[in-house]
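Have a look at the structure below before the remarks.
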Amino acid sequence: MADKQLATVRAQFVNRVTKPVLKQLLDDLLEDRVLNDEEQETVVQENSMRADQARSLIDMVRRKGPTASEKLLSRLKERDPGLFDQLGLRSDPQPAQPV
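For the sequence shown, UniProt numbering begins at 1 and goes up steadily by one.
Quick look at the structure:
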């Protein structure tokens, strides 16, 4: 499950994710309705350091369960495929959307 994958790579994610990618992920997860405005603001405003923001984001998404965690993985793969590969992650393919 995606939430377990995130738990496994939490420390590496916190150490390696860049500030620009972190901001993009926050915007993506807001757009995907994984996070609401208040949660996004909490991650940014209550954590001045990049590592603290990354830690807050990954923990918040993990608590929301496997579906939210899968969306984070999918967006990370999209935004920073190199980091995604370095972390040894895999993203389950999304089912085809009906037209």
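Heads up, the beta-carbon is just placed ideally off N, CA and C, and yes, glycines get one too.
Of the residues assessed, A7 falls on the exposed side of the cut-off, its CB having fewer than 16 other CB atoms within 10 angstroms. With fewer than 16 other beta carbons inside 10 angstroms of its own, E78 counts as exposed. Where M60 is concerned, the enclosing alpha helix (DSSP H) starts and stops at 50–63.
For D80, the three-state secondary structure derived from DSSP is coil.
Your pair K71 and V44 does not check out as a contact, with CB atoms roughly 19 Å apart and the cut at 8 Å.
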